[in-house]
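Following: one structure in structure tokens, then a few remarks.
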Amino acid sequence: MQRLQAFKFELMPNGEQVRKMRQFAGMARFVFNRSLALQKERYEAGEKKLSYAALCKQLTGWRNSDDTPWLKEAPVHPLQQSLKDLERAYANFFAKRADVPRFKKKGRRDSFRYPDPKQIRLDQSNRRIYLPKLGWLRFRKSREVLGTVKNVTVSQLGGRWFISIQTAREVEVPVPQGGAVGIDLGVTRFATLSDGRYLEPLDSFKRHQEALRKAQQSLSRKSKFSNNWKKAKARVQKLQARIANARRDFLHKASATISQHHALVVLEDLQVRNMSRSAKGSIEKPGRHIRQKSGLNRSILDQGWYEFRRQLDYKLAWRGAHLVVVPPHNTSRTCPECGHISAENRRSQARFACVECGFAANADHVGAINVLRAGHARLACEVSGAAKPPAAGTHRSDSAPAVGCA
Numbered sequence: 045m046q047r048l049q050a051f052k053f054e055l056m057p058n059g060e061q062v063r064k065m066r067q068f069a070g071m072a073r074f075v076f077n078r079s080l081a082l083q084k085e086r087y088e089a090g091e092k093k094l095s096y097a098a099l100c101k102q103l104t105g106w107r108n109s110d111d112t113p114w115l116k117e118a119p120v121h122p123l124q125q126s127l128k129d130l131e132r133a134y135a136n137f138f139a140k141r142a143d144v145p146r147f148k149k150k151g152r153r154d155s156f157r158y159p160d161p162k163q164i165r166l167d168q169s170n171r172r173i174y175l176p177k178l179g180w181l182r183f184r185k186s187r188e189v190l191g192t193v194k195n196v197t198v199s200q201l202g203g204r205w206f207i208s209i210q211t212a213r214e215v216e217v218p219v220p221q222g223g224a225v226g227i228d229l230g231v232t233r234f235a236t237l238s239d240g241r242y243l244e245p246l247d248s249f250k251r252h253q254e255a256l257r258k259a260q261q262s263l264s265r266k267s268k269f270s271n272n273w274k275k276a277k278a279r280v281q282k283l284q285a286r287i288a289n290a291r292r293d294f295l296h297k298a299s300a301t302i303s304q305h306h307a308l309v310v311l312e313d314l315q316v317r318n319m320s321r322s323a324k325g326s327i328e329k330p331g332r333h334i335r336q337k338s339g340l341n342r343s344i345l346d347q348g349w350y351e352f353r354r355q356l357d358y359k360l361a362w363r364g365a366h367l368v369v370v371p372p373h374n375t376s377r378t379c380p381e382c383g384h385i386s387a388e389n390r391r392s393q394a395r396f397a398c399v400e401c402g403f404a405a406n407a408d409h410v411g412a413i414n415v416l417r418a419g420h421a422r423l424a425c426e427v428s429g430a431a432k433p434p435a436a437g438t439h440r441s442d443s444a445p446a447v448g449c450a
């Protein structure tokens, strides 16, 4: 089977290359924002949205225009990729996978992409790569790049530049190792497995929250765009990059460990956006317990549940294993012994005690067991065909939470 994999390294550019990369990232952002503004204007005028091919024609006009002649200084393919990104953003919006596309802001996820492998030359022995209009760039090679280069993305984070080399290669179809496991994600415990093991949360943001608060406070006291303001902003960005890197490293290690030892992993389909929604309400209907809810929202967002699920998905696929996602309804309220479903079973955040049979255990462990059983039920439905789900709130002889065959 074919495996697509990205290898990310830190670049070691000279001053001229840094200047050019900033320019190219700014031009890509300009093309994206101008195209988005054009699409919004056409929508307000009742006109049809322009296709990617039509936007490419607009880009050619902008490059030849007297108003924006500096667009010619950048290679054309990265600018076209900005139009591809906009097209993908609209596709995700219409498919209800994301919000409406928004304008990009300078300093946030600055990047540009080279899609043509014919223009890229990788010299691994000398730890360098050739990119159009940038020349040979040195990078910190931490591992061997495997496969054929498909595209390259250059990005900036915390004042440093990185390169992500996506490759494709043929690998043997792996045989999955291990059994099945259900995982209950939480805040007190990051992940509780159905076999009783659990992972403690990293809480990367919480560890650096005080230092970040002081750095942001210092930034707010500086005159905007002054030299001291730029230094203070660099300190804030460095802290934010450290928080993100620590979280990403933790998630990669956790997802790699789980994917290496299990052939089937079952997760809850958690709606993080709904769970972390603000509780302040409106003027007519003000919210309650706003401070407590804001603290919970920070803790939820600090875990990185969606990124953990994304990493598990492709790492399990690499090993021939499977990821099953089930609805989270009643997984923490269902007794794994007698199947009784009641909100009173969840006595506290950490304690589960069934009011019907008296079974008691850790609430997260109970949730993980029910998640695994819900995953088995869903797989059985897919194999045997659609069946009618049991009525909500009924006792189940198989001790699994209510799961319908969709």
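Take 45 as the starting number for the sequence shown in this note's numbering and just add one per residue.
Here a beta-carbon is modelled for each residue, glycine too, at the ideal position from N, C-alpha and C.
No Cβ-Cβ contact shorter than 8 Å links R213 with T232. By alpha-carbon distance to P176, the top candidate from V189, D167 and D160 is D160.
The alpha-carbon separation between I302 and L237 amounts to approximately 10 Å. About 6 Å separates the beta carbons of V415 and E312, which is inside the 8 Å limit, making them a contact pair.
Shortest Cα-Cα distance from A69 to any of H121, A290 and R132 involves H121. Restricted to the stretch 328-363, the alpha helix (DSSP H) segments that are unbroken, complete and at least 4 residues in length are 334-347 and 349-362, listed in chain order. The shortest CA-to-CA distance from N195 to any of Q125, M65, V427 and G240 is the one to Q125.
Relative to the Cα of R335, the nearest Cα in the group S322, K116 and D111 belongs to S322. DSSP, reduced to helix, strand and coil, places D160 outside both helices and strands of the structure shown, so it counts as coil. F269 is classed as exposed because its beta carbon has fewer than 16 other beta carbons within 10 Å across all chains shown. With contacts defined as CB atoms closer than 8 Å, A407 and F396 qualify as a contacting pair. For Y242, the beta-bridge partners assigned by DSSP are T236. DSSP places A118 outside both helix and strand once states are collapsed to three, so it counts as coil.
Shown here for R291: same chain residues with a beta carbon closer than 7 Å to its own, the five before and five after excluded, namely L246, S248 and G348 in chain order.
Per DSSP, reduced to three states, the secondary structure at F147 is coil, with no helix or strand assignment. A residue is called buried once 16 or more other Cβ atoms fall within 10 Å of its Cβ, and F76 is buried on that count.
DSSP, reduced to helix, strand and coil, places G179 within a strand of the structure shown.
Rounded to the nearest whole angstrom, the CA to CA distance from I173 to S264 is 40 Å.
A direct Cα-to-Cα measurement between S155 and A259 gives close to 25 Å. Following the DSSP letters along the chain, one finds A97 inside the alpha helix (DSSP H) bounded by residues Y96 to N108. Selection K185, L201 and Q221 evaluated against I209 yields K185 as nearest (Cα-Cα). Membership of T197 in the beta strand (DSSP E) is indicated by the continuous run T192 to L201. In the DSSP assignment, no residue is bridged to Y134.
Counting along the chain, the unbroken beta strand (DSSP E) around N406 starts and ends at A404 to N406.
Residue L314 holds the alpha-carbon nearest to the alpha-carbon of P371 among R132, K101 and L314. Contact annotation: the stretch 279-289 does not touch the stretch 367-386, with fewer than three C-beta pairs closer than 8 Å. Less than 8 Å divides the Cβ of L127 from the Cβ of S79. In the DSSP assignment, F68 falls within the unbroken alpha helix (DSSP H) covering G59 to E88. Between the alpha carbons of A224 and E426 lies a gap of roughly 17 Å. Taking the CA atoms as reference points, L123 sits about 5 Å from A72. Put simply, of V309, A365, I164 and S338 the residue whose alpha carbon is nearest the alpha carbon of H420 is V309. Taking S95 as the centre and dropping the five residues before and after it, the same chain places no C-beta closer than 7 Å to its C-beta.
About 4 Å separates the beta carbons of H305 and G222, which is inside the 8 Å limit, making them a contact pair.
For Q49, the closest alpha carbon among the candidates G105, G240 and L190 is that of L190. Rounded to whole angstroms, the Cβ separation of G202 and K93 is 36 Å, and the two are not in contact under 8 Å. The Cβ-Cβ distance between A365 and A307 falls below 8 Å.
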